[in-house]
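Undergrad:
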Amino acid sequence: DKDYFHFWPSFFSAWFAQFPERLVVFPDVEGSLTGEQEAKLGKAVEMRKTKLQTWFRWRANRSRQGRIQKKTKSVFEQAIEGKKGRILSEPELYNDLYYEERIKPLVDADRQEGRLNSKGKILGAARAHAKRLLKDESEDVKEQIHEMYLLQKEKKNDGNADGTDKRADTLQQAIDDLPTALARVAEIIKRQTGFTTSFICAGPDPSRNWQITSLSCHSDKTAAGYTFASLYPKQEEEVLKAFQEFAEQLFPPEIRKQGAAQTDDVNPPGDTELGFDTDLQSEGGLQVPDDTAVSSSGVEDGLDTDHGPDDSEFTEPEDGVERDEEDGDEVAAENEEEERNSDIEMVRTNHTSRLSVLPFNCRAAGF
60 DKDYFHFWPS
70 FFSAWFAQFP
80 ERLVVFPDVE
90 GSLTGEQEAK
100 LGKAVEMRKT
110 KLQTWFRWRA
120 NRSRQGRIQK
130 KTKSVFEQAI
140 EGKKGRILSE
150 PELYNDLYYE
160 ERIKPLVDAD
170 RQEGRLNSKG
180 KILGAARAHA
190 KRLLKDESED
200 VKEQIHEMYL
210 LQKEKKNDGN
220 ADGTDKRADT
230 LQQAIDDLPT
240 ALARVAEIIK
250 RQTGFTTSFI
260 CAGPDPSRNW
270 QITSLSCHSD
280 KTAAGYTFAS
290 LYPKQEEEVL
300 KAFQEFAEQL
310 FPPEIRKQGA
320 AQTDDVNPPG
330 DTELGFDTDL
340 QSEGGLQVPD
350 DTAVSSSGVE
360 DGLDTDHGPD
370 DSEFTEPEDG
380 VERDEEDGDE
390 VAAENEEEER
400 NSDIEMVRTN
410 HTSRLSVLPF
420 NCRAAGF
């Protein structure tokens with residue numbers, strides 16, 4: 060029977076007879092209380108009843124225990140993945156698991172009693188409650204928390220064995236996400252400063268057996284639809300080559316092989332040779348501006364790019380975009396949707412006929 064209607068009155072009577080709340084609220088006051096003090100004591104008694112009822116519900120409500128177990132799995136996985144950037148103590152892990160069900164009611168009660176008047180005191184109270192409650196927990200819960208702590212510590216130690224060594228799949232994912240991240244950064248810079256931005260990146264690429272790959276990304280276009288790489292292809296090529304030579308000095312072959320030793324089964328995603336086949340708008344956590352070029356997939360070998368002088372890589376503006384300003388706005392409006400879907404830059408990589416399709420006016424190269 061889950062009806063505790065007749066239980067609470069007798070329980071509260073016995074509790075307050077043994078632990079008078081007045082001694083907690085007014086330990087130094089003797090004699091009769093004033094009306095204001097009586098009102099404050101009455102509130103404290105009600106809050107104490109709430110705390111006691113909550114304590115019993117933790118241990119009696121099996122359906123809640125089931126929900127806690129489901130939540131425990133999710134938080135458990137997050138904890139051992141080290142998402143907080145450091146190893147959490149056992150009371151901190153307990154707080155993460157059971158805050159809503161076990162700690163928050165106590166903190167709320169303390170706040171209503173006027174004991175917590177700052178964020179620091181609230182956090183301190185939560186830590187104190189977590190430490191005390193964990194000490195009084197069942198052996199099963201203590202064992203669970205301890206196992207979480209050990210797994211978290213083990214995972215952290217594995218990750219810190221070498222700060223520069225990442226598993227190749229994790230590293231590859233970060234490289235794949237780079238154009239998306241740079242697009243977001245460029246949008247923020249332009250919004251805050253009005254500046255246009257270009258990025259140049261280079262480093263060991265796990266999808267190319269740890270050879271150096273260079274990547275350039277340009278955030279803006281001229282009114283005629285040209286990027287920096289389109290207008291200045293020779294300079295773009297020279298800068299990429301120079302930066303790649305610099306990166307090769309930073310990452311000599313023996314250092315790159317240390318990363319390669321981590322795994323031998325890394326395959327480039329999709330069909331693109333450098334692994335940059337990234338759909339900007341599908342990346343979680345990054346909001347890509349609408350006017351940022353979005354990549355597409357399914358580019359086949361043998362496609363040709365348009366070339367400018369000296370047979371350098373060149374991207375023509377879309378049809379209908381004129382250099383004259385008088386009808387520029389009208390044409391831009393007509394082609395806006397088409398630009399968002401097709402505004403990509405195709406470049407040759409590794410001097411072969413295979414083409415990489417990159418978002419955000421990016422190009423990758425390996426010289």
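Heads up, the final residue of the sequence shown is numbered 426 in our numbering, and it's a clean run with no missing numbers. The C-beta atom is built at its ideal place from N, Cα and C for all residues, glycine as well.
Sort Phe302, Asp228, Ala283 and Asn268 by Cα distance to Pro312 and report the nearest one.
TA: Position 253 of the sequence shown, counted from the start, is the residue given in the question as residue 312. Comparing Cα-Cα distances from Pro312 to each of Phe302, Asp228, Ala283 and Asn268, the minimum goes to Asn268.
Undergrad: Contact between the segment 144-164 and the segment 181-190 is defined here as three or more beta-carbon pairs at a separation below 8 Å; is this criterion met?
TA: Result yes; three or more Cβ-Cβ pairs closer than 8 Å.
Undergrad: Between which two residues does the alpha helix (DSSP H) holding Trp67 run?
TA: Here residue 67 is taken as the residue at index 8 of the sequence shown, counted from 1. Trp67 -> alpha helix (DSSP H) spans Phe66 to Gln77.
Undergrad: Using three-state DSSP, classify Phe115 as helix, strand or coil.
TA: Locating residue 115 in the sequence shown gives position 56, counting from the first residue. Phe115: helix per DSSP, three-state reduction.
Undergrad: If Leu210 sits next to Lys201, beta carbons under 8 Å apart, how far is it from one beta carbon to the other, in whole angstroms?
TA: On the sequence shown, residue 210 is found 151 positions in, with the first residue counted as 1. On the sequence shown, residue 201 is found 142 positions in, with the first residue counted as 1. Rounded, the Cβ-Cβ distance is 15 Å, inconsistent with contact.
Undergrad: Shortest alpha-carbon distance to Leu156 belongs to which of Gly173, Ser177 and Lys190?
TA: The residue given as residue 156 occupies position 97 in the sequence shown. Checked all of Gly173, Ser177 and Lys190; the closest Cα to Leu156 is Lys190.
Undergrad: Looking at the unbroken alpha helix (DSSP H) that takes in Gly179, where does it start and where does it end?
TA: As a position in the sequence shown, residue 179 is number 120, starting the count at 1. Lys178 to Lys194 is the extent of the alpha helix (DSSP H) around Gly179.
Undergrad: Count the other CB atoms, across all protein chains shown, that sit within 10 Å of the CB of Gly334; report buried if there are 16 or more and exposed otherwise.
TA: On the sequence shown, residue 334 is found 275 positions in, with the first residue counted as 1. Bear in mind that a pLDDT of 34 at Gly334, under 50, signals an unreliable position, so the number given afterwards is only what the model happens to contain. Classification for Gly334: buried.
Undergrad: Excluding the 5 residues preceding and the 5 following Lys212 in the sequence, name in chain order all residues of the same chain whose CB lies nearer than 7 Å to its CB.
TA: Translated into positions along the sequence shown, residue 212 becomes position 153. For Lys212, where only same-chain residues beyond five positions count, the Cβ hits under 7 Å are Ile146.
Undergrad: Can Phe310 and Pro263 be called in contact, C-beta distance under 8 Å?
TA: Numbered from its first residue, the sequence shown carries residue 310 at position 251. Numbered from its first residue, the sequence shown carries residue 263 at position 204. Yes; because the gap between Cβ atoms is below 8 Å, this pair is in contact.
Undergrad: Kindly give me the distance between the Cβ atoms of Glu74 and Leu100, rounded to whole angstroms, as I take these residues to be in contact under 8 Å.
TA: Within the sequence shown, residue 74 is the residue found at index 15, counting from 1. Within the sequence shown, residue 100 is the residue found at index 41, counting from 1. Note that residue 74 corresponds to Trp in the displayed sequence, not to Glu. 15 Å between Cβ atoms; not a contact.
Undergrad: Which same chain residues end up closer than 8 Å to Val104 when comparing Cβ atoms and leaving out the 5 residues on each side of it in sequence?
TA: Locating residue 104 in the sequence shown gives position 45, where the first residue counts as 1. For Val104, where only same-chain residues beyond five positions count, the Cβ hits under 8 Å are Phe75 and Glu80.
Undergrad: Helix or strand or just coil, what does DSSP make of Lys132?
TA: Within the sequence shown, numbered from 1, the residue matching residue 132 stands at position 73. Since pLDDT at Lys132 reaches only 45, below the 50 mark, its modelled position is unreliable, and the value read off the structure follows with that caveat. Three-state result, Lys132: helix.
Undergrad: Rank Lys108, Arg243 and Tyr158 by C-alpha distance to the C-alpha of Phe71 and give the top, closest one.
TA: As a first step, residue 71 must be located in the sequence shown, where it is residue number 12. Measuring from the Cα of Phe71, the nearest candidate turns out to be Lys108.
Undergrad: For Ser273, which option in Glu295, Pro68, Tyr208 and Met106 has the closest C-alpha, if you only look at C-alpha atoms?
TA: Stepping through the sequence shown from its first residue, residue 273 is reached at position 214. Selected option, being the one with the closest Cα: Glu295.
Undergrad: Helix, strand or coil for Glu172, going by three-state DSSP, please let me know.
TA: Here residue 172 refers to the residue found at position 113 of the sequence shown. Residue state, collapsed to three classes: coil.
Undergrad: Tell me whether Lys102 sits in a helix, a strand or coil according to DSSP, three-state version.
TA: Along the sequence shown, read from residue 1 onward, the residue named residue 102 stands at position 43. Residue state, collapsed to three classes: helix.
Undergrad: With Val298 as the anchor, note down where its alpha helix (DSSP H) starts and where it stops.
TA: Position 239 of the sequence shown holds residue 298. Pro292 to Leu309 is the span of the alpha helix (DSSP H), which, as asked, contains Val298.
Undergrad: Look at the alpha carbon of Ile248 and the alpha carbon of Asp236, and state the distance between them as a whole number of angstroms.
TA: On the sequence shown, residue 248 is found 189 positions in, with the first residue counted as 1. On the sequence shown, residue 236 is found 177 positions in, with the first residue counted as 1. One C-alpha to the other measures close to 19 Å.
Undergrad: According to DSSP, is Gly222 helix, strand or coil?
TA: The residue you call residue 222 lines up with position 163 of the sequence shown. Residue placement at Gly222 is flagged as unreliable, the pLDDT there being 49, under the threshold of 50; a coordinate-derived value is accordingly withheld.
Undergrad: Specify, as a first and last residue, the run of the alpha helix (DSSP H) that Thr255 falls within.
TA: Within the sequence shown, numbered from 1, the residue matching residue 255 stands at position 196. No alpha helix (DSSP H) holds Thr255; DSSP gives it neither H nor E.
Undergrad: Report buried or exposed for Thr93, applying the criterion of at least 16 other Cβ atoms within 10 angstroms of its Cβ.
TA: The residue given as residue 93 occupies position 34 in the sequence shown. It counts as exposed.
Undergrad: Within a Cβ cutoff of 6 Å, which residues of the same chain sit near Ala245, ignoring the five residues on either side of it in sequence?
TA: For this step, residue 245 is matched to residue 186 along the sequence shown. Within the same chain, Ala245 has close Cβ partners Thr256 and Ser278.
Undergrad: Which of the three DSSP states is assigned to Ala283 in this structure?
TA: Numbered from 1 along the sequence shown, position 224 holds the residue referred to as residue 283. Reduced to three states, the DSSP call for Ala283 is coil.
Undergrad: Would you mind stating whether Glu149 and Ile204 have Cβ atoms separated by less than 8 Å?
TA: Start at 1 with the first residue of the sequence shown, and residue 149 comes out as number 90. Start at 1 with the first residue of the sequence shown, and residue 204 comes out as number 145. Cβ atoms of Glu149 and Ile204: closer than 8 Å.
Undergrad: How close, in whole Å, do the beta carbons of Ile271 and Ala261 come, if the pair is a contact with beta carbons under 8 Å?
TA: By 1-based counting over the sequence shown, the position of residue 271 is 212. By 1-based counting over the sequence shown, the position of residue 261 is 202. Correct: roughly 6 Å between the Cβ atoms.
Undergrad: Rounded to the nearest angstrom, what separates Trp430 and Gln251 at their Cα positions?
TA: Here the chain has residues from 60 to 426 only, and residue 430 is not among them.
Undergrad: In angstroms with no decimal places, state the Cα-to-Cα distance between Ala98 and Val84.
TA: Working through the sequence shown from its first residue, we reach residue 98 at position 39. Working through the sequence shown from its first residue, we reach residue 84 at position 25. So the two alpha carbons sit approximately 11 Å from each other.
Undergrad: With 16 other CB atoms within 10 Å as the buried threshold, where does Ala301 fall?
TA: Taking the sequence shown and counting its residues from 1, one reaches residue 301 at position 242. Classification for Ala301: exposed.
Undergrad: Give the straight-line distance between the Cα atoms of Thr229 and Arg315, rounded to the nearest whole angstrom.
TA: As a first step, residue 229 must be located in the sequence shown, where it is residue number 170. As a first step, residue 315 must be located in the sequence shown, where it is residue number 256. Using only the alpha carbons, I get a separation of about 16 Å.
Undergrad: Would you kindly work out how many angstroms separate the C-alpha atoms of Glu151 and Leu175, rounded to a whole number?
TA: Taking the first residue of the sequence shown as position 1, residue 151 is located at position 92. Taking the first residue of the sequence shown as position 1, residue 175 is located at position 116. The alpha-carbon atoms of Glu151 and Leu175 are separated by roughly 20 Å.
Undergrad: Under a three-way DSSP split, which group does Asn268 fall into?
TA: On the sequence shown, residue 268 is found 209 positions in, with the first residue counted as 1. Coil at Asn268, not helix or strand.
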